[in-house]
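A quick write-up on the structure given underneath.
Number of protein chains: 2
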Amino acid sequence: MTLNIIKVGGGIVEKEENLNLLLNDFSLLQGPKLLVHGGGRLATTLATQMGIETHMIGGRRVTDADMLRVVTMVYGGLVNKRIVAQLQARGINALGLTGADCNVIRSHRRQEGNWGFVGDVDRCDGEMLATLIRQGITPVVAPLTHDGNGQLLNTNADTIASEVAKSLATHFDVTLTFCFEKKGVLRDCNDDDSVIAHISAADFCLLREQGIVADGMVPKLENALNACRAGVKRVVITRADQLGQQDSGTVVTLE
Amino acid sequence: MTLNIIKVGGGIVEKEENLNLLLNDFSLLQGPKLLVHGGGRLATTLATQMGIETHMIGGRRVTDADMLRVVTMVYGGLVNKRIVAQLQARGINALGLTGADCNVIRSHRRQEGNWGFVGDVDRCDGEMLATLIRQGITPVVAPLTHDGNGQLLNTNADTIASEVAKSLATHFDVTLTFCFEKKGVLRDCNDDDSVIAHISAADFCLLREQGIVADGMVPKLENALNACRAGVKRVVITRADQLGQQDSGTVVTLE
């Protein structure tokens, strides 16, 4: 049975209108599904309102104790519960989860760098998630994990999506879709319609050599191919408003 | 099988030290269990930090749109997820829930008064909660519900505890314990050790007539007896630090 795992980022979550459109499309997807969300700038906005400074290293957020409180409130509370309530209104039996809930995602605090309370994933309990999904529940996963010793940790939402997808690959035929600001991986970054419909592992090699795939897209595609190597059937990179459409975006598979 | 439902209020939740002691005792309770928590002054503190005014009518908080955001963050995020992570560290497979999650508690927005986004409970899905509990999961319920149309609503934690207990009464022998600032219902409100060990419906009648039970204790005991009438085996009113102890507090039963 196919399981659709959709990851939406901060840009969609920040604007209620965009989020509601996405949730319309998500709720129309047939069969079992799971949503992973980020929180984006909503956390920065709340931190500012609270007079908490946002510390950055190389453009990335440092999660000190204050910021951990903020992201726990924003990702685990505000964003997650809003999505859950909106999905319930669309007839989807949503259940909001952080990695601590049902112990679904264990992580350890990152040692390298001074990132603060950032967690790198150790394991995701696909069995528990599959049990919930088979009961007709749609998990909605916030980008928070825990270390098993009572410590919540901030974890990248893309990573959560990949780890969740991999852990469920033995239970379902998983399609993992990353909603993205572009329509897919572009052959020409100045032409929004130059979407590459399909990328295999061999294609990726070539596209990278040719410089067509570069910068931030390289780790994204590496992650996608790693997910495929771990049993995920296919990874789709598409724009949020194209979610419901057939053959939209770039499909990544091993072969 | 006995199911222990424990309700803890804001006073316990506000101080990490008190909360951790409570969670130690809670985790030692044998058999299936469920925790309902309030949030208390933590919401007011955050609102103040955010520059949001707290409006009160007759000493009770009005939940306007801004305050709903705050309680969603504090109750649904910060408090709920901290408890879940701390219970996981104690070997309890906790799952944080609002009423929107798995559609467990539906409510409607209160029409009387100008309370804002306050929900009065319509129904609690005991079947769903029982299914989770039978899987070895310990639900941790935040005082938030939803109206089924996408609207989250702020709901009194005592009410949540009673409704959850009643909905589970056909599935388990439910003991509902309210943790309270006193050791129980006192015969003499100036003597902390004058706890009345047991109150039946008939006792309550008499105690109220005699003026021994008065003020805020009257609705508390009425709620307790109503829960018993709806099938809850017994209601216990005790101090949080006495939770693990046999024969502590006041036991309320019909007869």
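Protein sequences, first through last, are from chains Z and D.
Just so we're aligned, residue 14 is where the first sequence starts under our numbering, counting upward by one.
Just so we're aligned, residue 14 is where the second sequence starts under our numbering, counting upward by one.
The beta-carbon is built from N, C-alpha and C at its ideal position, and this holds for glycine as well.
So does residue i have its beta carbon nearer than 6 Å to some heavy atom of the ligand ADP?
| i | result |
| --- | --- |
| residue 113(Z) | Annotation note on the ligand ADP: not contained in the displayed structure, which lists no ligands. |
Using a Cβ-Cβ cut-off of 7 Å (strictly less than) and excluding sequence neighbours within five positions of residue i, which residues of its own chain qualify?
| i | result |
| --- | --- |
| residue 145(D) | 108 and 152 |
| residue 60(Z) | 67, 80 and 83 |
| residue 302(Z) | The first residue shown for chain Z is 14 and the last is 268, placing residue 302(Z) beyond what the model contains. |
| residue 201(D) | 207 |
| residue 128(D) | 75 and 76 |
| residue 245(D) | 178, 179, 182, 187 and 189 |
| residue 230(D) | 198 |
| residue 225(Z) | 200 |
Excluding five sequence neighbours on each side, which residues of the same chain lie with their C-beta closer than 8 Å to the C-beta of residue i?
| i | result |
| --- | --- |
| residue 256(D) | 19, 35, 38, 39, 42, 190 and 192 |
| residue 227(D) | 221 |
| residue 16(Z) | 44, 45, 46, 47, 146, 181, 184, 185, 186, 187 and 188 |
| residue 102(D) | none |
| residue 150(Z) | 106, 107 and 108 |
| residue 264(Z) | 210, 211, 212, 247, 248 and 249 |
| residue 199(D) | 205, 207, 208 and 209 |
| residue 33(D) | 99 |
| residue 70(D) | 126, 127 and 128 |
Roughly how far, in whole angstroms, is the beta-carbon of residue i from the beta-carbon of residue j, given that I think they are within contact range, below 8 Å?
| i | j | result |
| --- | --- | --- |
| residue 24(Z) | residue 53(Z) | 6 Å |
| residue 63(Z) | residue 62(D) | 5 Å |
| residue 262(Z) | residue 197(Z) | 4 Å |
| residue 242(D) | residue 267(D) | 7 Å |
| residue 92(D) | residue 26(D) | 5 Å |
| residue 159(Z) | residue 113(Z) | 4 Å |
Classify residue i as helix, strand or coil using the three-state DSSP reduction.
| i | result |
| --- | --- |
| residue 20(Z) | strand |
| residue 71(Z) | coil |
| residue 120(D) | strand |
| residue 171(D) | helix |
| residue 260(D) | coil |
| residue 182(D) | coil |
| residue 129(Z) | strand |
| residue 103(Z) | coil |
| residue 28(D) | coil |
| residue 109(D) | strand |
| residue 47(D) | strand |
| residue 77(Z) | coil |
| residue 59(D) | helix |
| residue 142(Z) | helix |
| residue 160(Z) | coil |
| residue 85(Z) | helix |
| residue 166(D) | strand |
Near residue i, which residues of its chain fall below 6 Å by C-beta distance, leaving aside the five closest residues on each side in sequence?
| i | result |
| --- | --- |
| residue 176(Z) | 134 and 137 |
| residue 259(D) | none |
Given a limit of 8 Å on CB to CB distance, which residues of the stretch 28 to 39 of chain Z reach chain D?
-> none
Could you list the residues in the stretch 229 to 254 of chain Z with a C-beta less than 7 Å from some C-beta on chain D, going in chain order?
-> Answer set for the stretch 229 to 254 of chain Z: empty.
Inside the stretch 184 to 254 of chain Z only - beta strand (DSSP E) runs reaching at least 3 residues = 186 to 193 and 247 to 252
Which residues, in order along the stretch 72 to 95 of chain D, keep a beta-carbon less than 8 Å from a beta-carbon of chain Z?
-> 82, 85, 86, 87, 88, 89, 90, 91, 93, 94 and 95
Residues from the stretch 164 to 181 of chain D in contact with chain Z, defined by Cβ distance under 8 Å = 164 and 165
Return the residues of the stretch 145 to 162 of chain D that lie within a Cβ-Cβ distance of less than 8 Å from chain Z, sorted by chain order.
-> So the list reads 148, 150, 157, 159, 161 and 162, given in the order they occur along the chain.
Report the residues of the stretch 50 to 73 of chain D with a CB closer than 8 Å to any CB of chain Z, ordered along the chain.
-> 59, 62, 63 and 64
Residues in the stretch 108 to 140 of chain Z with C-beta within 7 Å of chain D's C-beta atoms, listed in sequence order?
-> 108, 109, 111, 113, 114, 115 and 116
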